[in-house]
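Visitor: Those letters in the sequence shown? Residues 86 to 321, by this note's numbering.
For each residue, glycine too, the CB sits at the ideal point set by N, CA and C.
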Amino acid sequence: MSDWKPKRFWKEAKVVEAEQGFVIALDARPVRTPAKAPLIVPTLALAEAIAAEWDAQAHDVDPATMPVTKGANAAIDKVRVQRDEVVALLAEYGDSDLLCYRATGPENLVARQAAGWDPMLDWAANALGARLFVGEGVMHVPQTERALGLLRAELARFDDFELAAVHDLVSISGSLVLALAVTHAALGEEDAWRLSRIDEDWQIAQWGEDEDAAISAESKRQAFVAAARFYRLTQR
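1. State the Cα-Cα distance for the pair residue 293 and residue 285, rounded to the nearest angstrom.
2. Let's see if you can read the secondary structure: which residues bound the alpha helix (DSSP H) around residue 170?
3. Using the beta-carbon count (16 or more within 10 Å), is residue 107 buried or exposed?
4. In whole angstroms, what is the alpha-carbon distance linking residue 99 and residue 310?
5. Taking the alpha helix (DSSP H) that residue 333 falls in, what are its first and last residues?
6. What's the gap between the Cα of residue 249 and the Cα of residue 305?
7. CB-CB under 7 Å to residue 216, same chain, minus the five flanking residues each way: which ones, in chain order?
8. Helix or strand or just coil, what does DSSP make of residue 95?
9. Tell me whether residue 212 sits in a helix, a strand or coil according to DSSP, three-state version.
10. Since residue 93 contacts residue 153 with CB under 8 Å, what's their CB separation in whole angstroms?
11. Quick check: the Cα distance between residue 118 and residue 162, rounded to an integer number of angstroms?
12. In the DSSP output, what is residue 107 paired with across the bridge?
13. Bridge partners for residue 244 per DSSP, in chain order?
14. Any idea what DSSP makes of residue 227, helix, strand or coil?
15. Going straight from the alpha carbon of residue 257 to that of residue 308, what length do you get?
16. From residue 176 to residue 131, what distance separates their C-alpha atoms?
17. Return the residue from the list 246, 283, 274 and 312 that minimises the CA-CA distance to residue 321.
18. Could you work out which residue in 102, 103 and 116 is closest to residue 95 when comparing CA atoms only?
19. Along the chain, where does the alpha helix (DSSP H) that runs through residue 277 open and close?
20. Taking the C-alpha atoms as reference points, what is the distance between residue 241 and residue 158?
21. Only counting the same chain, and skipping five residues up and downstream in sequence, which positions put a Cβ closer than 6 Å to that of residue 253?
22. Helix or strand or just coil, what does DSSP make of residue 294?
23. Since residue 283 and residue 198 should fall inside the 8 Å C-beta cutoff, what is the C-beta to C-beta distance between them, to a whole number of angstroms?
24. Suppose the cutoff is 6 Å on Cβ atoms and the five residues either side in sequence are ignored; what does the same chain contact list for residue 91 look like?
25. Looking only at its chain, what residues have a beta carbon closer than 6 Å to the beta carbon of residue 303, apart from the 5 residues adjacent to it on each side?
What follows is the structure, given as structure tokens:
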């Protein structure tokens with residue numbers, strides 16, 4: 086396997102205003118996505134964050150240190166070309182939302198889930214009009230078409246860049262409700278992450294933490310926080 090990595094060839098990454106938004110130029114060369122599309126983003130804040138990531142690269146370019154650039158690439162190369170499929174995929178989480186599936190015991194876990202998750206389901210009902218039902222165990226809990234339709238409509242209103250962020254918030258947490266609460270600023274991303282981890286954290290408290298699992302969880306937490314930041318950078 087080759088150890089070749091792209092090298093830094095530019096002196097300065099700067100933001101340039103364009104007709105459709107903002108581009109990032111490496112000296113005089115505009116950045117393109119992996120699919121060779123022009124990297125044009127909708128807000129100055131997002132463009133400045135991307136430029137900062139390129140400026141922070143040293144001798145070798147490390148994409149792992151460039152989450153904002155990665156999110157913008159995903160919005161253009163993936164979400165934009167299959168938008169309907171992405172909306173449909175995320176909408177399916179409304180019919181299987183993490184917050185709707187509760188433990189049958191022990192009592193302290195049941196109570197912890199109710200204390201953390203019930204207020205968020207109430208928020209979805211009040212803010213979005215989507216009341217989701219709760220069940221015990223892993224058997225499917227049917228939701229109403231009205232609630233699912235309202236959640237689909239909420240997803241459809243996002244632009245491509247916002248939807249790229251929402252995709253990560255949903256897929257990492259397993260909860261469409263928590264992701265939407267973050268986008269509405271009804272819940273901070275760290276609180277949303279903790280709520281998504283109630284089951285895992287309870288297990289850790291009982292049996293201790295596996296080192297590999299802890300590393301994986303921290304990586305996911307960082308990705309979740311990065312997705313929330315990306316969403317905020319898209320806001321005009």
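Guide: Concretely, from the data shown:
1. 11 Å
2. 168 to 176
3. buried
4. 25 Å
5. Since the first residue shown for the chain is 86 and the last is 321, residue 333 is missing from the structure and cannot be characterised.
6. 16 Å
7. 210 and 232
8. coil
9. helix
10. Not a contact, Cβ separation roughly 18 Å.
11. 7 Å
12. 102 and 126
13. Its beta-bridge partners do not exist; DSSP assigns none.
14. coil
15. 8 Å
16. 26 Å
17. 246
18. 116
19. 274 to 281
20. 20 Å
21. 312
22. coil
23. 6 Å
24. 146
25. none
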